[in-house]
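Those sequence lines, one after another, are chains A, B and C. Under our numbering, the residues of the first sequence are numbered 288 to 554, in order. Under our numbering, the residues of the second sequence are numbered 837 to 1244, in order. Under our numbering, the residues of the third sequence are numbered 374 to 658, in order. By construction, the Cβ of each residue, glycine as well, lies at the ideal position given by its N, Cα and C atoms. No experiment lies behind these values; they were computed from the predicted model shown.
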Amino acid sequence: MGRALRTTLGTVLILWLVLPLIPLGLWSFARGWRWPDLLPPVWTLDAWAYALSQTGGVLQSLWTTIAIALAATALSLLIGIPAGRALGLHRFRGKALVELLILAPVIVPGIAVVFGVQTVFVSLGLTQSAMGVILAHLIPVLPYTILVMAAVFSGFDTAQEDQARSLGASPAQAFRHVTLPAIAPGILVAGLFAFLVSWSQYILTLVIGGGRVETLPLLLFGFVTSGRNDIAGAIAMINILPGLLILFVTARRLTGRSAALPGILRP
Amino acid sequence: MAKSIRLAAALGLMLTGPVAGDTADGDALIGQDWDTIIEMARGGEVNWFLWGGSDTINQYVSEYLGGILEDEYGITLNRVGLSDTVEAVNIVLGEAEAGVTEDGSVDLIWINGENFRTMVQADLAWCGYPGTLPNNDLIDWDNPSIATDFGVPVDGCEMPWNRAQFAIAYDSARTEMPPRTIAELIDWVDANPGQFTYPAPPDFNGSVFVRHVFYHAAGGVDALLGPFDQALYDEVAPRAWEILNAMEPHLWREGQTYPTSITQLDQLFANSEVAFSFNYDPSQFGLAVESGLWPETVRSYGFADGTIGNTNYTLIPFNSPNKAAALVLQNLLISAEAQLEKARPEVWGTVPAIDLGAVPDEIRAEFDALPSHPSVVAPEVLAEAALPELQAEWIAAIEQGWIENVGR
Amino acid sequence: MPGGARTFLLLAPALVVIGVLFLGGLGVAVLRSVGYMPLIGLTDPSLDAYAALLSNRDFYRSLALSLHISITSTLIASVIAVGAALLLRRGFAGRGIVSFLFQLNLTVPHLVGAIGILYLFSQSGSFARLGYQVGLIDQPGQFPALVYDPFAVGIILQYVWKEVPFIGLVVLAQMQGIGADYEAAARSLGARPWQAFRHVLLPLILPGLLASSAIVFAFTFGAYEIPALLGQSHPQALPVLAYRLFTDVDLAARPQAMAASILIAAISGVMVWAYVALTRRRVGG
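So this is what it looks like as structure tokens:
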């Protein structure tokens, strides 16, 4: 493949990747942008003013989405780190079965599970509540966390822990001073991706939250289906922000060790 | 026994002050002194589920209504935006099925028609309270279009909020002579292929468009009024499907697909893909122009042979835990002041559901002085040719028939 | 503490969560689909819901549509992704930008991408307007129907947009793990570039490609919001049909919604298994 051809193909790829985000950005500053105008005839901050107003519901929705994603991330790390350790370091009978069980929620679509979960959650009073939504988000979030942590632990040398223990450290001290620093970058990556998986959930939030728990994707869907492209554009931009931030935070880590990537990606 | 419990509760209330957010027992509220109800509601919250696709309506609800509730009663209004009212009905249905009878999550729903019928048939609506509301005096319950909701008697199970009558919108800069009757529209579609479509029922507005054609096929609505009549349906329906199927090849995308919602049609209209949109609530046209979605040259009208009108309501589910606060909100909704604010074209511009003959003179004068939006056909003009709604069983049968005979 | 017990304790919370929420959710759906749920007064199991669903023509049209969407999206995305990974492996002017965009794209919620596709490709979208400005078309109706269309082009475009970076990064990581030695060896033995790719590189990157494209397949088969936004009124994608049944005010439709969700789970499981088995045999052999 010639260099010129590669550059051309690369440029096409770049355009294609950026393209869908452009009309969203434009719409958030547009008014009366109709056929056949290629660009908005009137530029305005109205949509942003609504999105950032105290009563518009977008800001509340932003905080709700952040709180739910943070909680789901924390829970999944709490549960996923030990499980990742077991899968990454230990060999045991039935390991293949456990791995299959943990992978299953990645393969089986959320919509196949959520109706049953909703039935149970209604009787437990967990529907319409952020708590219920957080628990439901664990279904797609936890497998990814465990898989990342298993990959992290598979490269972890337990000899350091043993050494610390033999020097008189308690298990807690060994974890705190030896294990944790070694796996911290992995935890960060797992946490960030857990956050993003929760951040973009739609159907689980819709069915369990029942409209009462209005995360940004739900709000976005509502505005786009009611034809408010300007407000939808602004919400879409807000919806992209955390991913962008996280990307800058992790940029170094991800490009440095790309062999770790397969474990931490999601469709 | 129940009486003594209520007495103890009242005593407890006097001693400790109101326990906010625990007014699930509706019987204890009906006929209560209004000030007592306000005190029971004070400091609590109310979860109102309503269609959330219009930023102006959202702001009226959150800022104007929410502001009054907060300032005057210390009640927190949680506006829960829906893309379809059926979602709220479903929540209550699911709760009832799971035995949640006191601690439901919905306190108030903006509702009418089939959703109201579902709530009543499944026994999910709290009823019998309207007389408790002071502003109930402003409601003309003798008017059949208020006292029945799509043919189902309201029977004190919901309170009217707005009135609406179907109208058609067109862009006067593009279309000079819009069709004035359903028959003219059918000819117009033939002559202008690709320029017309309607949302697929069960979309609320697509469904009412199909009913206009159904009335036309029946040669008038009179025969269709009253309970569902299978024999009559079997006679009229084939004619209606024939008209709609003959129209299909001349529709947008040759009728191979239909918009799935009225807002999708609104977008097609905005971008000149089709020549008309329509709505059960013509004030939406004004909102669309004000938000820049539609050009200012949009005008609207009703068919000369009449368009269908309805009233929409708010309903308190049986398992609402905040019934007192929901009552305070409902009373506010039908107050002359709140209805006036809502009638302002820049706020919403919808038609009041209260009897303007019963409001104080100075507010009446303000109502009369309200400017009208140039894109919104005046309600008085529409009212000159108004058609009644059918009973909900008819509507369900027509929607199902459309899906089976036209939509697929 | 003995090793076995320790392993079990480490795994227990995760297994409980996945067991209760995931398997529990599936289990309850199975029970409700056969109408057996004593808790809510259903004690008379039957397969009526499945019978009703499987005798409905709409179900098969929805199934066909969903299979079309997921198979086509996965194929196209996989091919482009491998191409993009090959491109990214060598240097070119915009390489840094592409890797940044690949990663950015991974973080963008599907719904956002879908709205972008809608604004670009609808008959009055950016491309149609461009066509008007350069005089190719006079009115929106002349632009090809790419969203709300019978072939689900818009839905597939969105999935390709979103999944090329996903598969591409996985495959790229695997390529970088392999290095260029094997191919270089094959080339020095006289293999043409295509032969070197087909017989040397492809089998080596297959595990990553298979795993990532299987995930993509399952996801595109079961996702709701994209076909709900970009799909036509009829037929609806299977998840949209299932959700519509679930939210039907006629409670009699609920068991059918549960049955539909179980069928979605079963079909995606079987398809992923068949896909992995088939591809492994064809490429590996």
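task = Mind reading off the beta-carbon distance from Ile540 of chain C to Leu582 of chain C? Whole number of angstroms is fine, and I expect it under 8 Å.
result = The residue you call residue 540 of chain C lines up with position 167 of the third sequence. The residue you call residue 582 of chain C lines up with position 209 of the third sequence. Confirmed, Cβ separation roughly 7 Å.
query = Which partner residues does Arg318 of chain A have in the DSSP bridge list?
reply = Along the first sequence, read from residue 1 onward, the residue named residue 318 of chain A stands at position 31. Its beta-bridge partners are A:Val329.
task = Identify whether Trp887 of chain B lies in helix, strand or coil by the three-state DSSP scheme.
result = Counted from its first residue, the second sequence places residue 887 of chain B at position 51. DSSP places Trp887 of chain B in strand when its eight states are reduced to three.
inquiry  = Which same chain residues end up closer than 8 Å to Asp417 of chain C when comparing Cβ atoms and leaving out the 5 residues on each side of it in sequence?
reply    = The sequence position of residue 417 of chain C within the third sequence is 44, counting from 1. In the same chain as Asp417 of chain C, and ignoring 5 residues on each side of it, the C-beta atoms closer than 8 Å to its own belong to Gly408 and Tyr409, in chain order.
query = Which same chain residues, not among the five before or five after Val511 of chain A, have their C-beta less than 8 Å away from its C-beta?
reply = Locating residue 511 of chain A in the first sequence gives position 224, where the first residue counts as 1. Closer than 8 Å at Cβ, skipping near neighbours: Ala519.
task = Answer with yes or no whether the minimum CB distance from Gly853 of chain B to chain C is below 8 Å.
result = To locate residue 853 of chain B, count along the second sequence from 1; it is residue 17. In this prediction, Gly853 of chain B scores a pLDDT of 37, lower than 50, which makes its location untrustworthy; no coordinate-derived value is stated.
Cβ-based neighbour list, Gly1145 of chain B, same chain, cut-off 8 Å, excluding 5 preceding and 5 following = Your numbering for residue 1145 of chain B matches position 309 in the second sequence. For Gly1145 of chain B, the CB contacts under 8 Å within the same chain, skipping 5 residues up- and downstream, are Ser981, Arg999, Ala1000, Gln1001, Phe1002, Leu1218, Ala1219, Ala1222, Leu1223, Pro1224 and Glu1225 in chain order.
Ser428 of chain C, buried or exposed, once every other Cβ within 10 Å from all chains shown has been counted against 16 = Counting from one through the third sequence, the residue named residue 428 of chain C turns up at place 55. Exposed.
Range of the contiguous alpha helix (DSSP H) that encloses Thr492 of chain A = Position 205 of the first sequence, counting from 1, holds the residue named residue 492 of chain A. That run of the alpha helix (DSSP H) goes Ile490 to Gly496.
ask   = If we count Cβ pairs, one from each stretch, closer than 8 Å, do we get three or more for the stretch 364-383 of chain A versus the stretch 499-508 of chain A?
value = Counting Cβ pairs under 8 Å, fewer than three are found: no touch.
request  = Run down chain B in chain order and give the residues with a C-beta less than 7 Å from the C-beta of Val645 of chain C.
outcome  = Working through the third sequence from its first residue, we reach residue 645 of chain C at position 272. Residues of chain B passing the Cβ test: none, with the nearest at roughly 30 Å.
Simplified DSSP state of Ala518 of chain C, which is helix, strand or coil = Sequence index remark: in the third sequence, residue 518 of chain C carries index 145 (1-based). In the structure shown, Ala518 of chain C sits in coil (DSSP, three-state: anything other than H, G, I, E or B).
ask   = For Asp891 of chain B, which residues from the same chain have a beta carbon less than 8 Å from its beta carbon, with the 5 sequence-adjacent residues on both sides left out?
value = Here residue 891 of chain B is taken as the residue at index 55 of the second sequence, counted from 1. Result list for Asp891 of chain B: Ser1127, in chain order.
query = Would Gln629 of chain C count as contacting chain A if we go by Cβ distances under 8 Å?
reply = For the purposes of this step, residue 629 of chain C is taken as residue 256 along the third sequence, with counting starting at 1. No, Gln629 of chain C does not count as interfacial toward chain A.
query = So who's on the other strand from Ser1136 of chain B, going by DSSP bridges?
reply = Here residue 1136 of chain B refers to the residue found at position 300 when the second sequence is read from its first residue. Answer is B:Ala1005, bridged to Ser1136 of chain B.
query = If you drop the 5 nearest sequence neighbours on each side, which residues of the same chain put their C-beta closer than 8 Å to that of Phe1203 of chain B?
reply = Here residue 1203 of chain B is taken as the residue at index 367 of the second sequence, counted from 1. When the five nearest sequence neighbours on each side are left out, the beta carbons in the same chain lying within less than 8 Å of the beta carbon of Phe1203 of chain B are those of Leu1176, Ala1179, Pro1188, Leu1192 and Val1195, in order along the chain.
task = Using the DSSP secondary-structure output, state which residues sit across from Asp985 of chain B in a beta bridge.
result = Start at 1 with the first residue of the second sequence, and residue 985 of chain B comes out as number 149. According to DSSP, which records beta bridges pairwise, Asp985 of chain B is partnered with B:Val988.
request  = Please classify Leu460 of chain C: does DSSP put it in a helix, a strand, or coil?
outcome  = Position 87 of the third sequence, counting from 1, holds the residue named residue 460 of chain C. Residue state, collapsed to three classes: helix.
request  = For Leu507 of chain A, return the contacting residues in chain C, with the cut-off set at a CB-CB distance below 9 Å.
outcome  = Along the first sequence, read from residue 1 onward, the residue named residue 507 of chain A stands at position 220. Those within 9 Å of Leu507 of chain A in chain C are Pro482, Leu484, Val485 and Ile488.
Neighbour-count burial assignment, His464 of chain A, 16 or more Cβ in a 10 Å radius = The residue you call residue 464 of chain A lines up with position 177 of the first sequence. Looking at its Cβ environment, which holds fewer than 16 other Cβ atoms inside 10 Å, His464 of chain A is exposed.
message = Quick check: what's the CA-CA separation for Ala630 of chain C versus Phe619 of chain C?
response = Mapped onto the third sequence, residue 630 of chain C falls at position 257. Mapped onto the third sequence, residue 619 of chain C falls at position 246. Ala630 of chain C and Phe619 of chain C: Cα-Cα distance of roughly 5 Å.
ask   = Thinking C-alpha only, which one of B:Trp977, B:Asp1023 and B:Ala1160 is nearest Ile874 of chain B?
value = Locating residue 874 of chain B in the second sequence gives position 38, where the first residue counts as 1. If we check each option's Cα against that of Ile874 of chain B, B:Ala1160 comes out closest.
query = Among C:Arg502, C:Phe570, C:Ile453 and C:Gly397, which one has its Cα closest to the Cα of Glu1109 of chain B?
reply = Position 273 of the second sequence, counted from the start, is the residue given in the question as residue 1109 of chain B. Taking only the C-alpha atoms, the option nearest Glu1109 of chain B is C:Arg502.
key: Pairwise C-alpha distance: Leu519 of chain C and Phe443 of chain A   = Numbered from 1 along the first sequence, position 156 holds the residue referred to as residue 443 of chain A. Numbered from 1 along the third sequence, position 146 holds the residue referred to as residue 519 of chain C. Computed Cα separation, rounded: 50 Å.
Cβ-based burial, Thr542 of chain A [other Cβ within 10 Å; buried from 16] = Here residue 542 of chain A is taken as the residue at index 255 of the first sequence, counted from 1. In this prediction, Thr542 of chain A scores a pLDDT of 46, lower than 50, which makes its location untrustworthy; the coordinate-derived value is nonetheless stated afterwards. Counting Cβ neighbours within 10 Å, Thr542 of chain A comes out exposed, since fewer than 16 surround it.
task = Kindly list the residues whose CB is nearer than 8 Å to the CB of Gln1166 of chain B, restricted to its own chain and excluding five residues on each side of it in sequence; keep chain order.
result = In the second sequence, counting from the first residue as 1, residue 1166 of chain B sits at position 330. The residues are Leu944, Leu969, Met995, Thr1150 and Ile1152.
query = For Val649 of chain C and chain B, any beta-carbon pair shorter than 8 Å?
reply = Mapped onto the third sequence, residue 649 of chain C falls at position 276. Taking Cβ atoms only, chain B never reaches closer than 8 Å to Val649 of chain C, which makes this a no.
ask   = Span of the beta strand (DSSP E) holding Tyr1149 of chain B?
value = Within the second sequence, residue 1149 of chain B is the residue found at index 313, counting from 1. Thr1143 to Leu1151 is the span of the beta strand (DSSP E), which, as asked, contains Tyr1149 of chain B.
ask   = Going straight from the alpha carbon of Leu438 of chain C to that of Thr445 of chain A, what length do you get?
value = Against the third sequence, residue 438 of chain C aligns to sequence position 65. Against the first sequence, residue 445 of chain A aligns to sequence position 158. Between Leu438 of chain C and Thr445 of chain A, the C-alpha separation is close to 51 Å.
task = Take Leu436 of chain C as the anchor and find which of C:Glu598, C:Pro608, C:Tyr532 and C:Gly392 has the nearest alpha-carbon.
result = On the third sequence, position 63 is the one that residue 436 of chain C refers to. Checking every option, the nearest Cα to that of Leu436 of chain C belongs to C:Pro608.
Contacting positions in the stretch 488-503 of chain A - beta carbon closer than 8 Å to chain B = Listed by position along the chain: Gly497, Gly498, Arg499 and Glu501.
ask   = Taking the alpha-carbon positions, what's the Pro1210 of chain B to Glu881 of chain B distance?
value = Residue numbering aside, residue 1210 of chain B sits at position 374 when the second sequence is read from its first letter. Residue numbering aside, residue 881 of chain B sits at position 45 when the second sequence is read from its first letter. Spanning the two alpha carbons is a distance of roughly 39 Å.
query = In chain C, what lies closer than 7 Å to Val925 of chain B by C-beta?
reply = Stepping through the second sequence from its first residue, residue 925 of chain B is reached at position 89. Per Cβ cutoff of 7 Å: Val622.
Residue range of the unbroken beta strand (DSSP E) whose run includes Arg378 of chain A = Taking the first residue of the first sequence as position 1, residue 378 of chain A is located at position 91. Bounds of any beta strand (DSSP E) do not take in Arg378 of chain A, whose DSSP letter is neither H nor E.
request  = List the residues of chain B that Gln512 of chain C touches, going by C-beta distances under 9 Å, in chain order.
outcome  = Counting from one through the third sequence, the residue named residue 512 of chain C turns up at place 139. By Cβ distance, chain B contributes Gly1030, Ser1108 and Glu1109.
query = DSSP on Thr416 of chain C, reduced to helix/strand/coil?
reply = Here residue 416 of chain C refers to the residue found at position 43 when the third sequence is read from its first residue. Of the three classes helix, strand and coil, the one that applies to Thr416 of chain C here is strand, per DSSP.
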